[in-house]
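Under the working numbering, the first residue of the sequence shown carries the number 51, and numbering increases by one thereafter.
Even glycine gets a Cβ: it sits at the ideal position worked out from N, Cα and C.
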Amino acid sequence: MINFPTDLTIDSCESFVDGLQEVRRGEALYLPSDFNNALFGGVAAAIQAVNTWGRFSSSREIILGGQSEVVQEYADEIVNRPHKFSAAMLAKKISLSSSDADIRGSVNIAARDAIENQAGSKHGQQRGALCWFSFVDHSSKGFDKNFYTMSSSEGALPRQLPQIENVIKSMVDKSIDVLGAAQKLSSDDMQHLGRIFYELFLNTHEHGTRGASRSAWLRPGQRVIYSNGISLFDKALEKRTQGERGLSTYLQTHRVGEVEKSRFVEISIIDSGLGFFERWCADHKQSSQGHDLDFEYSIIKKCFSTRQTSSGKDNKGLGLPVVMDRLTKLKAFMKVRSGRLSLYRDFISQPYASGDSCDFSDWMTALPASESLTQLGQVSGVAITFLIPLEPKQ
Numbered sequence: 051m052i053n054f055p056t057d058l059t060i061d062s063c064e065s066f067v068d069g070l071q072e073v074r075r076g077e078a079l080y081l082p083s084d085f086n087n088a089l090f091g092g093v094a095a096a097i098q099a100v101n102t103w104g105r106f107s108s109s110r111e112i113i114l115g116g117q118s119e120v121v122q123e124y125a126d127e128i129v130n131r132p133h134k135f136s137a138a139m140l141a142k143k144i145s146l147s148s149s150d151a152d153i154r155g156s157v158n159i160a161a162r163d164a165i166e167n168q169a170g171s172k173h174g175q176q177r178g179a180l181c182w183f184s185f186v187d188h189s190s191k192g193f194d195k196n197f198y199t200m201s202s203s204e205g206a207l208p209r210q211l212p213q214i215e216n217v218i219k220s221m222v223d224k225s226i227d228v229l230g231a232a233q234k235l236s237s238d239d240m241q242h243l244g245r246i247f248y249e250l251f252l253n254t255h256e257h258g259t260r261g262a263s264r265s266a267w268l269r270p271g272q273r274v275i276y277s278n279g280i281s282l283f284d285k286a287l288e289k290r291t292q293g294e295r296g297l298s299t300y301l302q303t304h305r306v307g308e309v310e311k312s313r314f315v316e317i318s319i320i321d322s323g324l325g326f327f328e329r330w331c332a333d334h335k336q337s338s339q340g341h342d343l344d345f346e347y348s349i350i351k352k353c354f355s356t357r358q359t360s361s362g363k364d365n366k367g368l369g370l371p372v373v374m375d376r377l378t379k380l381k382a383f384m385k386v387r388s389g390r391l392s393l394y395r396d397f398i399s400q401p402y403a404s405g406d407s408c409d410f411s412d413w414m415t416a417l418p419a420s421e422s423l424t425q426l427g428q429v430s431g432v433a434i435t436f437l438i439p440l441e442p443k444q
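Below, the structure is given as structure tokens:
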């Protein structure tokens, strides 16, 4: 049995991914009932770790921890936790630690209801300051009407910028409202954020939902987007990020005066696709094996520095370069995990400018990625997380 971490820090999720290479592919995944430390990209890292397990496992069996014997309580818990929901949508069998009975049918009913209900809300599903949308691409529930229109000739088509901007505004406003004591983003900042999210959503729709052949959707395949409000006292903030040097430096840079608490909105988008590098290799009919980290990094940089049209479609987006520009305007922090690399960019200390080569830093060493790259375990898909600082209410 493979144990999923209760501590949802990025480091814990990386250790889980590394450990997959040391276990048999048929072993079940144990999901504990409790978890903590899901801030600063923890939820995104957990979802990506689950997606990686789903690609690795031959049995895709889940065992749920807990003391209750009431099946509905487990089903409700799964749909209220994005990483558990993601695991369940990949599973062939779901059982309890106290019983071998398969409760997947009950979980799927709860999941169907949750997906249908999220379509009726502009901020999606919600638990506290966490708001999210799940897209189960291998099912009929992959095309939430907040994000897609249906065409009889072309199938599901992403909505235009104004509609998707309204959705992300609703998500972020709800996260900030629940957080409390923080000002909402200005109209200009929300427009920047809307454009960022629109480009990332188009990117994951076009590049993160297909296999080696773009003619077929990944099965199983899924995507999650979420916003979360973060408010921590400075000492708690320092303790939580002490092992994450790049993030810690960014948070220290952002501190202004004697404010006791720091407040942020965290936004993530995760897919279970091939990832930046393998997607590029598939499109160029190349093997992804045998390449060094520098080449993999160069492809990720290329994705952020040029408009990607490898699918041959014109979706009217401006591409990922505009993401870098808008994140600079928002004084944001961005983390990217794909393939064997984990990268970040601090847009306070490293603002984007026209002609920028879109350099990142290595997550593990906090050194420029052009000088130091750490090889991590291969993950499924792409997970992008960014933090945007919030001003306290006056």
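- Sorting 99, 62, 202 and 53 by C-alpha distance to the C-alpha of residue 388 places 99 at the top.
- The shortest CA-to-CA distance from residue 400 to any of 391, 414 and 379 is the one to 379.
- Straight through space, the alpha carbons of residue 57 and residue 193 are spaced by roughly 32 Å.
- Following the DSSP letters along the chain, one finds residue 321 inside the beta strand (DSSP E) bounded by residues 311–321.
- Assigned with DSSP and collapsed to three states, residue 398 falls in coil, not helix or strand.
- Secondary structure note for residue 291: it is in no beta strand (DSSP E), with a DSSP letter that is neither H nor E.
- Of 54, 84 and 198, the smallest CA-CA separation from residue 73 is found for 54.
- In the three-state scheme derived from DSSP, where H, G and I count as helix and E and B as strand, residue 408 is classed as coil.
- Boundaries of the beta strand (DSSP E) around residue 186: 180–186.
- When beta bridges are read from the DSSP output, residue 111 appears opposite 143.
- Residue nearest to residue 412 within the set 109, 420 and 406 is 420 (criterion: CA-CA distance).
- Under the three-state reduction of DSSP output, residue 84 falls in the coil class, being neither helix nor strand.
- Using a 10 angstroms sphere on the CB of residue 283, the tally of other CB atoms stays under 16, which defines it as exposed.
- Below 8 Å, too few C-beta pairs join the stretch 143–151 and the stretch 161–177 to call them touching: fewer than three.
- Residue 382 sits away from residue 313, with the two beta carbons spaced by 7 Å or more.
- In the structure shown, residue 57 falls within a strand segment according to DSSP collapsed to helix, strand and coil.
- In terms of Cα proximity to residue 443, the closest of 235, 101 and 77 is 235.
- With respect to the 7 Å criterion, residue 270 and residue 188 are classified as neighbours on the basis of their beta carbons.
- Under the DSSP assignment, residue 384 falls in the beta strand (DSSP E) whose first and last residues are 383–388.
- In this structure the stretch 153–165 touches the stretch 128–135; the number of beta carbon pairs closer than 8 Å is three or more.
- The stretch 344–355 and the stretch 114–121 do not touch, with fewer than three beta-carbon pairs separated by less than 8 Å.
- Residue 186 places its beta carbon 7 Å or farther from that of residue 240.
- Apart from sequence neighbours up to five positions away, the residues of its chain that approach residue 92 with a beta-carbon distance below 7 Å are 58, 59 and 60, ordered along the chain.
- In the three-state reduction of the DSSP assignment, residue 245 falls in the helix class.
- For residue 201, same chain residues with a beta-carbon under 8 Å away, outside a window of 5 residues either side, are 207 in chain order.
- DSSP places residue 281 in the strand class (E or B) of the three-state scheme.
- Taking 7 Å as the cut-off, the Cβ atoms of residue 317 and residue 330 do not count as close.
- For the 7 Å CB-CB criterion, residue 112 and residue 79 form a contact.
- A residue is called buried when at least 16 other Cβ atoms come within 10 angstroms of its Cβ; residue 195 does not meet this threshold and is exposed.
- Counting of Cβ neighbours within 10 angstroms places residue 328 among the buried residues, the total reaching 16 or more.
- Judged by DSSP in its simplified three-state form, residue 197 adopts coil rather than helix or strand.
- Secondary-structure assignment with DSSP links residue 302 through no beta bridge to anything.
- Ranking 390, 414 and 372 by CA distance to the CA of residue 298 puts 414 first.
- For residue 224, the closest of 311, 404, 437 and 315 by C-alpha to C-alpha distance is 315.
- Only exposed fits residue 205, as fewer than 16 other CB atoms lie within 10 angstroms of its CB.
- Note on residue 294: 16 or more other CB atoms within 10 angstroms of its CB, so buried under the neighbour-count rule.
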